[in-house]
Amino acid sequence: MSLLHATWLPAIRTPKSSGRPAMLVWADTWRVASPNGPNITPAKHPFSLDIKELRTWLQEINLLPNGIIDSSACLTLPSQPIKKQGDHGLKWTGLPLQAGEPIPKNCEWWPWQVEGLAIDPAMTAEWLSKLPLSGKHPDLGEEIRWWSHLERWALSLIARGRWLPQVELSKGAGYPHRARWVPILNREDDRRRLEELASSLPLVATCALPWREPAGRRNNRTTRLRPEAMREANPIASCRPRSGRLRVANLLQDLVDAQLRTQFEPDIEGLDPLLLTWQESLSSYSGIISLPEEDIERLAKASNHWRESITGNVAPARACLELFTPKIGEDLWRLNFSLQAEADHSLKVPAASAWASGSGVLQLGEIKVDQPSEILLEGLGRALTIFEPIGRGLEDATPESMVLSPAEAFILVRTATSKLRDIGVGVELPQSLSGGLASRLGLAIKAELSDKSTGFTLGEALDWSWELMIGGITLTLKELEKLEHKKSPLVQHKGAWLELRPNDLKNAETFIRTSPEISLDDALRLTATDGNTFKKLPVHKFDAGPRLQNVLDQYHQAKSPDPLPAPEGFHGQLRPYQERGLGWLAFLHRFDQGACLADDMGLGKTIELLAFLQYLNAEKELKRPVLLIAPTSVLTNWRREALSFTPHLKVYEHYGPKRCSNEISLKKILKGVNLVLTTYGLVQRDRELLETIDWQGVVIDEAQAIKNPKAKQSLATRNIAKQIKNKRFRIALTGTPVENRISELWSLMNFLNPKVLGEDNFFRQRYQLPIEQYGDISSLKDLKARVSPFILRRLKTDKSVISDLPDKIELTEWVGLSEEQRLLYKKTVEQTFDEIATSPKGQRQGKVLGLLTRLKQICNHPALALKEKNINQNFINRSTKLLRLVEILEEVIEAGDRVLLFTQFAEWGHLLKTFMENHWKCEVPFLHGAISKNKRQLMVDRFQKDPRGPQIFLLSLKTGGVGLNLTRASHVFHIDRWWNPAVENQATDRAYRIGQTNRVMVHKFVTSSSVEEKIDQMIRNKEQLAEEIIGSGEEWLGKLSVNELQNLVALEEN
Amino acid sequence: MSNISANNSDINTALGEEGLGKQTWWVEQWMELINSYRFKKRLERAWSYAREGNVTSIRFEGRRVHARVQGTGEDPYKIKLWLDVLSDEDWLYVLEALTQKARWSAQLLAGIMPSDIERAFAASGKRLFPFKLQEVRSECNCPDKANPCKHISAIYFLMGERFREDPFVLFQLRGRSRARLLSDLADQRRKLLDAIIRKKLKESSNYDYTKNLHEESSKAPHSAILNPSMWWKYEGNLNADLVVITSSVDGNTGLNSAGVLPLAEDPKYPNAQEKFLNHLHKEGEKFSQHAMIQAMSTKETI
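Protein chains in written order, with my numbering: chain A, 496 to 1549; chain B, 191 to 492.
As C-alpha cells, then:
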C-alpha cells in the first residue's frame, strides 16, 4: 500500500521571479530496492511512486488535487546506510526510511529526489479542507493531518478577520516588492496555537531543500539537465531538522495569503495611485507591486506601522507581568517584570536575568532567546499602551518591578489583563484572582452514605455537609457577610485576596435559602468530571466518606472492581481479571445499570457472562429466563461453552425452521429454562412472540451488530431490552473498542441505559458532529466521562491482565453449519456411505479419505466442495465458518494486528483470497506450493517489513507450515483441522517463536457435530488413539469398521 | 486666524481619533509651529495650494525633504526642506540619555513616540523638534524672494501629515533613520548592561544572574535527531476552538484593531483611504463568510 505525503516547497525568489511556494504531494510504497546514494545529484527515492503511478493512485482514491503540475523536489529523509557488496566504503549507499518502519541504530539524514505533484497554494487550501481532520486514514501520512489542522487554523483566522494587508520590501537589489496578506497572531489563543503546531510539526512537512533548475539550457524537451549545471544549482546537502514558530508562521502566512489573494476583488473607484496599485497587487497572482521607490517605501512603512500597532514579531519569548498580593498589613501590590517562554508559560525568568544577559543569548529551559532585553522592552512598551501605570515603573534603565495601588491592581485584574494578553504580553495573576473556576464562589462538600443505606439506589439521599469555598479557602456564612460589607471588589480573607462577584453571591444566597438535599446520583455526576456545578455553584471539593468513596471508585472505574470468585456450580476457573469482570457486572447489576463488557478478543467474555448468570443462579436471583442475542455464527459456540462451564443452567435455542412459533407453547417450553439463545435476525422476525416473555435480562453478543441505530434489528433489540413491569438487566458484549466509535455508541447506550446520552438528535448535535467531523476533544472527553462507568474494556496488553495470561492463547471457535452446508453434508454422507460399504477392501481406504476430505471441504464452504470457481454475492452467508472468520478478522484488522491464516486446501486458499481482497479492498498474499522460491521470500519480507504491508497472510499448511519466520503476526488461524496436532503446532510456531514480542492467539475453527469435532476429540484424547496411528498419516482410516466410520462422519443433530 | 484654525482642524480630523490618532502630539506641535507664523494671508493661500493638490510630490531622501509644487509657471517649483543634523557626538549623548530610562526604549521599540522625548535630547543641549519655524531650513526655486514662500508653506502643511504617518521621520531629519536609531540604541544598551553586570560581579562574587545564560557547549541536537520517527509523527488533535469556525465574536477584526492606516492622504483623492478601508471591511466580511462555509463542508472522517 502506498502512503501519501505532503511537503512544502518554499518559494525560490530570484531577481526574475517572485517565486510561488507550493505543496508537493508525493507517495512512497514498499518495494524491493537496492541501496543507492547521491552521485552528481541526490539519488532517486527508490520507494516513491513516479508521477504516473501517483496520478493514477490519487484518482483511484479520489484525492487528486486541482491546479497541479508535475514536479520533483529534493527532500531530506532519515535513511539507513547500507554497504553494498564489494563496495569498499567509497560511496554513500543506503535506503530512505519510511513512516512506521522501525528506526535503525545508524540512522542518517540524506537528500533524496522525489517526484510528485506541486499544488498551487490557493488550491492547496482547497484540497486540504477536503481531507479528514481526525482519525487515521490508511492512505494519508500523519503530516497531512497536521496540514489540515494548519489550514483549519488559517480558515479560522480568515473567518475572524485576523489579517491585514501589507507591503513587503524586496529582500535585495533587483528582487521585487510584494503585496501580501498576513495573519495577525496577537491573540493569546492564536499564539498558543502557533506554539502547539510548531512543537508538533512532523518534519517531513518541511524537509524540502531549495531545488531549482539551473539557469543553463535544457536538453531539448527532456527534464534531464546537464550534470554540472545541476550540481551547481543543487549542491548535495541535507537540511538540518529544524522546526520552530517562525517556520510555521511563514507556512500559515503563505496559506492565508494564497486564499485571500484569490478571493479579493479590488474596487478601484476613487483611489489614489498608491492605494490603487496596492489593491491590484493584493489580488494579483504574483503579488508583485511596482511603484516608484519612494512610494513603495512609504507604503511599506505605513503598512508596517499599521500592523505594528496591534502585533509584534514572532519571538520565542514575551514580556510578562506578574502580580503579587500585598504583604499582610500593607496596601500596595507588587508587579514583577519577567520574560516568559511562548512555548511554555511556566518557563519564566525575572527581568534581572534578561538585563544580565546583556548582548548574549538567554536560555529559558530548552529555549534559546536572542536579544532578551529587546523583547522585554518592546513588550513593556506595548503594555504601556494598555495599562498606563506601568510607565511609572520604567523610569530606570533596568527596571525589575514596581508597586501598584489597590485601585490600579483591580483595573489590572478586571479589565487590563485580557487586553494585555491580546497584544502579546503575558500576565500572571495570584491563583485566587486568576479568573478561573477556582476563583469563583463555590462549595466544598462532605458526603457519606447514610448508615442504613446499601448504596445501591441512585435516588437515595446522602448524609452531607457543605462549606462555601473561594480561591481554595473555605469561609462561613458569617465571614462572607462580613466581606460583603467591605464594599470593595477585592477583599482579603485568611491571607488571600479574593474577588467577590455579585452573581456568585446571589447564587450562594439562593442555595442557602433552599437548603437542598444531595443524592447518590448527584454524587456520581459531580465526581465524574472537573468543573461541575451543584445548584449553580461550582463544586471545588468533594470529600466522600469511605463507604461512598468505595462506590464512587468502582463506578468511575478509578480502581479495579472488587473481584468475585467463581460462583458455586461454575465448572471451570476464572482468571483474576475475569473475577474482577464478574464483580463489575454484579456491581452495575445492583444499581440496575446496563453494562458493556468490551474486553479484548480472547480474554473470555463468554466465560465471564456465563459466570455472572451462574452467580445469579447460585444467589437464587435467577428466576426468569435471560435472552441472549448473538449472530448466527456464534450460537453454536455459546451452546458448547454453556454446556461445559455452566451445566446447571438450562439452555434453550430459539433458532432454526422448526423453532417454536406460538406464545403458549413457548411459555411452556421456557418453564425452568435459564438461558435462551437466539439471533439478531430472529429478534426482529419473531418480535411479537419474544416480547410476550417476561425476560429477566437481555444480553447481546457482538454488540456492534446494533451499531446502526435505524436498522430494524437494532430497533427490535433495543425494544426488547426495555423494561415492562419487572426489572430487566441489560448486558452487551463486544471485542471492539466501542468507546472510540462515536456513531455506534448512541445505539449501544440506548440499549444499555437510554438516559445517559439522551435522544438521537441531541446526541448527534452535541457529540457526533463535533467529534467525528472536527475531532473535538472536549466533547469527546465529556462523552467518554459519561459512558465510561458502563464500559469495561481490558486489553491483552494491560498490566493488570498481562500477568494472568500465557504467551500463547489457544481458542477453539465452535461454529455450526449453514442450511446449505447441512443439507450437502447429509447428502454426501448418505450417498458415499453405501458406496464405501459395498466396495472392495482395496478401494475402501481411498474412498473413505475422499469422503473425509469432501466433508471437511463442506465444513469450510459449499463452494469448495462443489468446485465452484467464482465468488457469488451470497458467498459469505453460505458458510457459517466463513461468517465467523470474517467477524473475528474484522476485530483483528481494526486493532491493527497481523494474521496468519492456514488451510490445507489450496483451492480454498484461492477462493478465500479472492473473497477477502474483495471484502476488505486490500491485498491478501497467498503462499502455496505453486509459488516460486523468490516470490515466497518476497512475500515473507514484505509481511515482516513493509510498514503498511498486508495484515492478512494466507498460507497453505504444507508449504507455509515450516521454515518461515513470520513473527510480525500475533494471530494464527487454523481454518480447518489436520489429524496431526504436530503439523498444526509447527505452523503456529511460524509466529510463536524467537523474535515474537506480542502474545500470540491461536484460533482453531471446529464445526460442531461434524467430522471436524471428531477430529478435535481425537486430538484431545490422544490416549484413545495411539500416537503411532496419528503419526502415520491417514492410513488408519481405511482400517476403520463401518460402524466406526459412520460414527466419525455422521452429522449429529442436537 | 479663525479661518486657518478651522482648516487645521480639518487636517487633523481627516485621520480620525482612533489608532495612532491619539499619539499625534508631535503633529499638533508642528501645527502650532506653523500657526505661530506671522503672515496669515500667505498661510491661507498655501493651505488652498496644498488642498487643491498643487503639491505633486514629497520625498524624504535621507536627511532632506524634496518636494514639487505646481505654481503659476509651466514647470513645478522644486523645494528642499531640512533641519540641522545632530553630530555623532550629540547623538551619543542622546543615546546615553535614552538608555537611562527603560520607558523610552520600550516605547520606541513598540513604535510609539515618547511624549517627553525632548528631555533625552536636552542632554546634548539639542532638540528633536524645531523650536521655531526659522529652524526649518528651506529653498524654493520660485521667483518669490520671501522665505517661506507660499510653496514652502504648502509643504509645511503636508509635513504634519507625514509626521503622523511616521513619527520617526523626525529622527531621520536629525540624522538617524529608525533602524539606525534602534540598532544604536541596542548597542548602547548592551554597553550599559555589561557595565552593570561587571559592577554587580565586583560587588558580590556569588552573584548568579548569569545562570540562565546560554552556553554553546550545551547545545542539544534537535529532538528529531534523537528520535527520527518524529519525521512522520503527528498525534495532535484538532484544537477545540477550531471545531466550529465562527466570525469574530466581538467584531474585533485585525482591521478594526489597527484602525486608520497611517498614510498621508493625497489631497487630489479625498476620502480615498476611507474608501480603501471600507472596501477592505466589505471584502473581509466576504472572506469570513466564505471561510465559514468552507469549514462547514469539511468531509466526515473517512
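Using N, Cα and C, we set each Cβ at its ideal position, and we do this for glycine too.
Just so you know, these numbers come straight off a predicted model, no measurement behind them.
- Chain B places a beta carbon closer than 8 Å to that of I598 of chain A, counting this residue as a contact.
- Distance from the CA of Q858 of chain A to the CA of W801 of chain A, rounded to the nearest whole angstrom, comes to 32 Å.
- Nearest to P671 of chain A by alpha-carbon distance, out of A:R813, A:A1482, A:E663, is A:E663.
- Close partners of T880 of chain A in chain B (Cβ separation under 8 Å): A300, I302.
- Contact annotation: in the region 885-905 of chain A, residues whose CB is within less than 8 Å of a CB in chain B are G886, L889, E890, D891, A892, T893, P894.
- Taking 8 Å as the threshold, the shortest C-beta distance from D615 of chain A to chain B does not fall below it.
- With a threshold of 16 other beta carbon atoms within 10 Å, Y780 of chain A falls short and is exposed.
- In this structure, A462 of chain B keeps its C-beta atom at 8 Å or more from the C-beta atom of L899 of chain A.
- One Cα belongs to R1008 of chain A, the other to E962 of chain A, and the distance between them is close to 14 Å.
- Flagged as an interface residue toward chain B: Y1269 of chain A, by a C-beta distance shorter than 8 Å.
- At a cut-off of 8 Å, the C-beta of S785 of chain A has no neighbouring C-beta in chain B.
- For T536 of chain A, no alpha helix (DSSP H) segment is defined, and its DSSP state is neither H nor E.
- Neighbours of R249 of chain B in chain A, taken as residues at a C-beta separation under 8 Å, are given in chain order as E789.
- Taking a beta-carbon distance threshold of 8 Å, H341 of chain B does not count as an interface residue toward chain A.
- The C-alpha of A1390 of chain A lies about 39 Å from the C-alpha of A1545 of chain A.
- If you look at D958 of chain A, you'll find it in the beta strand (DSSP E) that goes 958-965.
- Here I342 of chain B is buried. Its C-beta has 16 or more other C-beta atoms within 10 Å.
- Distance from the CA of L299 of chain B to the CA of G876 of chain A, rounded to the nearest whole angstrom, comes to 7 Å.
- For T246 of chain B, the enclosing beta strand (DSSP E) covers residues 245-251.
- According to the DSSP assignment, K472 of chain B belongs to the alpha helix (DSSP H) that extends over 462-486.
- Residues of chain A whose Cβ lies closer than 7 Å to the Cβ of F477 of chain B are, in chain order, I653, L755, Q758.
- Of the candidates A:E1547, A:L1015, A:I639, the residue whose Cα lies closest to the Cα of V1506 of chain A is A:E1547.
- The closest CA to that of Q1191 of chain A, considering only A:Y1175, A:P678, A:Q1218, is found on A:Q1218.
- Annotation: V699 of chain A is outside any beta strand (DSSP E) and is labelled neither H nor E by DSSP.
- Secondary structure note for Q858 of chain A: its beta strand (DSSP E) is the uninterrupted segment 856-859.
- E943 of chain A: member of the beta strand (DSSP E) spanning 937-943, first to last residue.
- Contact check between the region 273-291 of chain B and the region 360-373 of chain B: three or more CB pairs, one atom from each, fall below 8 Å, which counts as touching.
- Close to G1341 of chain A, with beta-carbon spacing below 9 Å, lies no residue of chain B; the smallest spacing is near 54 Å.
- In the DSSP annotation of this structure, S1160 of chain A is not part of any beta strand (DSSP E); the continuous alpha helix (DSSP H) holding it starts and ends at 1158-1164.
- By the Cβ test, the region 251-261 of chain B is not in contact with the region 832-840 of chain A, since fewer than three Cβ pairs between them sit closer than 8 Å.
- Under the three-state reduction of DSSP output, M518 of chain A falls in the strand class.
- The alpha-carbon of R370 of chain B is positioned some 18 Å away from that of I870 of chain A.
- Listed along chain B is no residue with a C-beta nearer than 9 Å to that of H840 of chain A; the closest approach is about 16 Å.
- Non-local beta-carbon contacts of F1082 of chain A in its own chain, meaning distances under 7 Å to residues more than five positions away in sequence, involve Q1049, P1056 in chain order.
- Secondary structure remark: continuous alpha helix (DSSP H) runs of at least 4 residues inside the region 362-398 of chain B, in chain order: 368-393.
- When DSSP reads this structure, R1485 of chain A sits in no beta bridge, so it has no partner.
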